[in-house]
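Worksheet for the structure shown next.
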Amino acid sequence: MKSFLPVALAAGLLLPAQPAAGADPKGLTEASEFQVLLIGNSHSSRHGLPELLAETIRAGLPGASVHAEAAPRWKFLDERIDDEVTARALESRNWTHVILQAQKYSTSGRYAHPTDATEAWIRRVRVRRAAPILFPEWGRRGENGEGLRVHRLHMGIAEREPACIAPVGLAWEIVSRRNPSIRLHEHDGNHSNPAGALLTALVLYQTVTGRSAERLPPIESVRVKAAIQETLRRAAGEAHRVIPQEPGLCKPAPADGGEDSPAPDDAAQERADESVIQ
């Protein structure tokens with residue numbers, strides 16, 4: 002996958018936008034229940050991101066049982082590894098998907114932060130039979146390519162500890178390069194504004210449900226014009242096509258187990274419970 006990324010980005014991000022997909026992606030989930038926990042910092046909750054994600058799921062899957070919330074407090078993933086509040090949040094429901102955001106990274110790209118904590122969280126989530134989803138965040142305003150670098154970092158994590166990746170940063174790069182007049186950041190140049198939050202929710206929607214964000218109707222509760230929403234939906238869909246993922250990574254383990262999702266053993270539980278921060 003590492004060697005594929007530069008080629009895919011050159012083809013997918015630097016050429017004209019691709020037409021909307023005619024059908025939902027292969028491996029479409031038929032799930033009727035989505036229990037989603039977001040673990041991260043302020044990027045996981047600004048502008049009501051959990052509620053916005055739940056709203057997009059209800060719009061795309063009317064009748065589905067949907068609940069989404071963010072774990073209390075804003076922390077990096079390595080700061081949460083021994084945090085009892087986060088542990089209780091993870092154990093509070095039978096989550097179907099757990100979105101992991103706030104892996105530390107070097108904004109200059111010169112330094113490498115440990116990823117052990119994120120990998121430990123992936124194991125913990127898997128032990129609970131939920132689908133672990135990595136959330137590589139967007140780059141800061143004016144820092145073209147930062148979102149791609151963060152995505153590469155998370156690809157490396159997923160190679161060591163298999164997990165689904167929501168291409169949030171890639172979708173932001175697509176919009177920023179093709180439609181620079183669309184503002185996605187708040188005035189601080191770091192956090193998302195309502196349009197940025199919607200784009201993030203659209204990416205997470207497609208990652209969680211397996212359904213194309215391009216086929217969603219406009220989300221009326223968001224203060225984002227319909228024409229801009231259409232651009233955001235296309236970017237979310239294209240980001241998923243740029244970097245295809247292994248089928249099944251974004252789905253929770255079957256409740257009754259199965260060959261592809263064996264029941265967690267004691268060793269797996271012990272590995273998940275290890276404190277790995279040095």
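FYI, our numbering numbers position 28 of the sequence shown as 29, with every residue one higher than the one before it. Glycine is no exception: its CB is placed at the ideal position from the N, C-alpha and C atoms.
Item                                                                                                                    : Value
8 Å contact criterion, which ALA131 and TRP96 should meet: CB distance rounded                                          : 4 Å
Boundaries of the alpha helix (DSSP H) in which ALA172 is found, first to last residue                                  : 169-179
Where the alpha helix (DSSP H) through ALA55 begins and ends                                                            : 50-61
Euclidean distance between Cα positions of GLY41 and ILE123                                                             : 13 Å
Terminal residues of the beta strand (DSSP E) in which PRO133 lies                                                      : 132-135
Close Cβ partners of LEU101 (< 8 Å) along its chain, the five nearest in sequence each way excluded                     : ILE40, GLY41, LEU78, THR119, TRP122, ILE123, VAL126, PRO133, ILE134, LEU135, PHE136, ALA164
Cβ contact check for the segment 231-246 and the segment 60-80: 3 or more pairs under 8 Å                               : no
Sub-8 Å separation of HIS192 and PRO168 beta-carbons                                                                    : no
According to DSSP, residues forming a beta bridge with HIS68                                                            : GLN36
Where LEU38 falls, given that 16 or more other Cβ within 10 Å makes a residue buried                                    : buried
For ILE166 and LEU54, the rounded distance between their alpha carbons                                                  : 16 Å
Residues of its chain near VAL246, where Cβ-Cβ distance is below 8 Å and the 5 sequence neighbours each way are ignored : According to the sequence shown, residue 246 is Gln rather than Val. The answer, listed in chain order, is CYS165, ILE166.
Best match in GLN230, ARG161, ALA113, ILE175 for proximity to LEU149 [C-alpha to C-alpha]                               : ILE175
Cβ pair ALA361, VAL225 closer than 8 Å                                                                                  : There is no way to answer for residue 361, as the model of the chain reaches only from 2 to 279.
Status (buried if at least 16 other CB within 10 Å, exposed otherwise) for THR30                                        : At THR30, the pLDDT of 46 sits below 50, so the modelled position is not reliable and the matter cannot be decided from this model.
Residue interval of the alpha helix (DSSP H) (run including ILE100)                                                     : Here ILE100 belongs to no alpha helix (DSSP H); instead the beta strand (DSSP E) covers 98-101.
Three-state class that DSSP yields for SER107 in the structure shown                                                    : coil
Coarse secondary structure for VAL126, derived from DSSP in three states                                                : helix
Burial state of ALA227 (16 or more Cβ within 10 Å)                                                                      : exposed
Residues that DSSP places opposite CYS165 in a beta bridge                                                              : ILE134
Helix, strand or coil at HIS186 according to DSSP, with G and I counted as helix                                        : strand
N- and C-terminal bounds of the alpha helix (DSSP H) containing ARG235                                                  : 227-243
PRO248 to ILE158 span [Cα, whole Å]                                                                                     : 18 Å
CA nearest to the CA of GLU144, picked from GLY190, ARG234, GLU160                                                      : GLY190
Environment of GLU34 [buried if 16+ CB atoms lie within 10 Å]                                                           : exposed
Endpoints, alpha helix (DSSP H) assigned at ALA207                                                                      : The question names Ala, yet the displayed sequence has Gln at residue 207. 195-210 is the extent of the alpha helix (DSSP H) around GLN207.
Cα-Cα separation, ARG242 to GLU231                                                                                      : 17 Å
Same chain only: Cβ atoms within 6 Å of ALA71, ignoring 5 sequence neighbours per side                                  : LEU39, SER45, SER46, PRO51
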